[in-house]
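Numbering (the working numbering), first residue to last: 92 to 275.
All residues carry an ideal CB built from backbone N, CA and C; glycine is no exception.
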């Protein structure tokens, strides 16, 4: 019985931490002003017939705060990389100089900053929903166990405390990203 309880608690903690990690990745993909290699992290390139992440066919770097430079390992991949960037629909217009693909990152307008902050807020809300669903699943699993009501109540309080802690972390992550986005 003790093992089942530990399994439920550990599984819930792991699922909630997974929601935090997912949010961290989502927030990293939201642009905050400076150019970053993570801005093109979601780009898939047609590499000899199979979709491959951009980072596996080229070096991605930021020589300055407003430029992303993509140096393919094979020069024949330049057009495939440009096509992949267009298909990813991330709002960038790539250029090439015959050797590499260059993306000029325009400065953010106030309206675009607000849109990005809304996007970050939506990602944070999704993470909160995930954490709350993990709580619900854990509580349902506890109801299926043959344990005393007092023990069940105490475990539900522990799970609620874990939920509150993770939601507070999500709020902190969002507040930091929002500040980063809105800072000119």
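Classify residue i as buried or exposed, calling it buried when 16 or more other Cβ atoms lie within 10 Å of its own Cβ.
i	result
residue 194	buried
residue 197	exposed
residue 266	exposed
residue 263	exposed
residue 254	buried
residue 98	exposed
residue 242	exposed
residue 221	buried
residue 92	exposed
According to the Cβ coordinates, are residue i and residue j closer than 9 Å?
i	j	result
residue 138	residue 106	no
residue 153	residue 185	no
residue 103	residue 225	yes
residue 125	residue 156	yes
residue 149	residue 161	yes
residue 268	residue 121	yes
residue 190	residue 166	yes
residue 208	residue 118	no
residue 181	residue 130	yes
residue 192	residue 163	yes
residue 187	residue 173	yes
residue 114	residue 261	yes
residue 199	residue 96	no
For residue i and residue j, which I take to be in contact (beta-carbon distance under 8 Å), what is that distance rounded to the nearest angstrom?
i	j	result
residue 214	residue 111	Rounded, the Cβ-Cβ distance is 12 Å, inconsistent with contact.
residue 204	residue 273	6 Å
What did DSSP end up calling residue i once you bin it into helix, strand or coil?
i	result
residue 229	helix
residue 249	helix
residue 239	coil
residue 150	strand
residue 134	coil
residue 108	helix
residue 192	strand
residue 200	coil
residue 159	strand
residue 167	helix
residue 256	helix
residue 120	coil
residue 224	helix
**Item:** Stretch pair the region 135-152 + the region 246-263: three plus CB contacts closer than 8 Å
**Value:** Because the criterion of three Cβ pairs below 8 Å is not met, the region 135-152 and the region 246-263 do not touch.
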